[in-house]
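Residue numbers (our numbering): 34 to 351.
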Amino acid sequence: MLQYRAELDAAVTLAGGGSLRVQGLRIDVPHPDVTRAEIGALLVAKLGLRDAERVELDQVRIFGERAEPTGAAAIRAEFVELSHVISAGMTTYPGLPGPAISPHLTWADSRTRYAEGTEFSMDRIDMIGQTGTYLDSPRHRYEDGADLAGLPLGRLADLPAVVVRMIGSGRRAVEAGDLESLTLAGHAVLLHTGGDRHWGTAAYADDHPYLSADAARLLVERGVALVGIDAINIDDTSAAAGGQRPAHSILLAAGIPIVEHLTGLAEVPPTGARFTAAPPRISGFGTFPVRAFATMPWYEPHDHTRSAGWLPTGSGDD
Numbered sequence: 034m035l036q037y038r039a040e041l042d043a044a045v046t047l048a049g050g051g052s053l054r055v056q057g058l059r060i061d062v063p064h065p066d067v068t069r070a071e072i073g074a075l076l077v078a079k080l081g082l083r084d085a086e087r088v089e090l091d092q093v094r095i096f097g098e099r100a101e102p103t104g105a106a107a108i109r110a111e112f113v114e115l116s117h118v119i120s121a122g123m124t125t126y127p128g129l130p131g132p133a134i135s136p137h138l139t140w141a142d143s144r145t146r147y148a149e150g151t152e153f154s155m156d157r158i159d160m161i162g163q164t165g166t167y168l169d170s171p172r173h174r175y176e177d178g179a180d181l182a183g184l185p186l187g188r189l190a191d192l193p194a195v196v197v198r199m200i201g202s203g204r205r206a207v208e209a210g211d212l213e214s215l216t217l218a219g220h221a222v223l224l225h226t227g228g229d230r231h232w233g234t235a236a237y238a239d240d241h242p243y244l245s246a247d248a249a250r251l252l253v254e255r256g257v258a259l260v261g262i263d264a265i266n267i268d269d270t271s272a273a274a275g276g277q278r279p280a281h282s283i284l285l286a287a288g289i290p291i292v293e294h295l296t297g298l299a300e301v302p303p304t305g306a307r308f309t310a311a312p313p314r315i316s317g318f319g320t321f322p323v324r325a326f327a328t329m330p331w332y333e334p335h336d337h338t339r340s341a342g343w344l345p346t347g348s349g350d351d
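Here it is, written out as structure tokens:
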């Protein structure tokens, strides 16, 4: 397993006056495609600065080092499914068509095309991009935004995850205050609301959880890589919202992909897991289903003084 680090020179201007300068400082970063904005947010967090007004990076070098927990050797990775199954005729979002699955070539029909005993099937699916668990690219909201083919893998795969537990909060909205204390830069922020328990029922769309505009702005300021939710929409879709979609608008304007209709987040720890949700590289397309999943490394102590178990290795706050 590689741990990525940035070696940098930077100047930090403080809101109350004065500035700090660092040279040759090394900080952990979540992946090799980390942006300068994300590095700046990570630097501010590492220095514990609450009043940083501006970060100017002079020199930045990203490199990888092999990392292994002290006294332990990785033996396997545990995978957690976070996607709903797609089946013919299913409803993802009320009012949108369900997928139609049909054969293009059956096993029986293929027998005349191949050698004796050799047969294949070819299937086709007709569906809207908003089917099952799917990812929104900026093009979903903005005509000139990056499409699925334009999204860098660094924002889709093997991201350090932060799971925000909202079950039992008594609130529909995830607010900025729920996120304020977390390490977020470069992370996939996964909102565990419990909305998925109503999947496939009429209640799934009623009074569903969502991300507030202020919370979306905070996520952009903190330089997150991706945001996901286990509900029907990351925005409030009730009549009271008047058709506004601030979370989509704010996040996608900043190039931050959104994954909706997640499930199974109860099986993922608050920090330490890695998240992947990569759609096909389709040009001119804004949204498509993903096989979203989390991975959690398991380790066994070299000295066998304690039993094997999962040890968090990603950055973040428990």
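Built from N, CA and C at the ideal position, the CB exists for glycine as well.
If only complete runs of 4 or more residues are kept, the stretch 202–263 shows the alpha helix (DSSP H) at 246–254, in order along the chain. Contact annotation: His281 and Thr125 have beta-carbon atoms that are not nearer than 8 Å. The shortest CA-to-CA distance from Ser154 to any of Asp142, Ala148 and Gly165 is the one to Asp142. Annotation for Val62: the continuous beta strand (DSSP E) segment containing it runs Ser52 to Val62. Secondary structure remark: continuous alpha helix (DSSP H) runs of at least 4 residues inside the stretch 275–343, in chain order: 279–286.
Inter-residue distance for Leu215 and Thr309 is about 20 Å (C-alpha atoms, whole angstroms). DSSP links Val93 through a beta bridge to Leu41. Excluding its 5 nearest sequence neighbours in each direction, Leu53 has C-beta neighbours in its own chain below 6 Å: Val45, listed in chain order. Counting along the chain, Ile200 sits inside no beta strand (DSSP E), nor does DSSP assign it H or E at all. With the rule of 3 Cβ pairs closer than 8 Å, the stretch 129–145 does not count as touching the stretch 174–181. Only residues of its own chain outside the window of five on either side were considered, and among them Asp180 have a CB closer than 7 Å to the CB of Gly317, listed in chain order. Take Trp232, set aside five residues on each side of it, and the residues of its chain with a beta-carbon closer than 8 Å to its own are His117, His294 and Thr296, in chain order.
Contact between the stretch 297–307 and the stretch 157–169 is absent: fewer than three C-beta pairs spanning the two stretches fall below 8 Å.
Pro65 is the residue among Gly49, Pro65, Gly57 and Thr320 whose C-alpha sits nearest the C-alpha of Ala190. Rounded to the nearest angstrom, the gap between the Cα atoms of Leu285 and Thr151 is 47 Å. Ranked by Cα distance from Gln92, the first of Pro322, Val55 and Ala248 is Val55.
In the displayed model, Ser116 falls within coil according to three-state DSSP, outside both helix and strand.
By the Cβ neighbour-count rule, Tyr243 is buried, with 16 or more other Cβ atoms within 10 Å of its own. In this structure, the CA atom of Leu224 is about 10 Å from the CA atom of Leu212. Put simply, of Ala299, Asp169 and Tyr237 the residue whose alpha carbon is nearest the alpha carbon of Thr270 is Tyr237.
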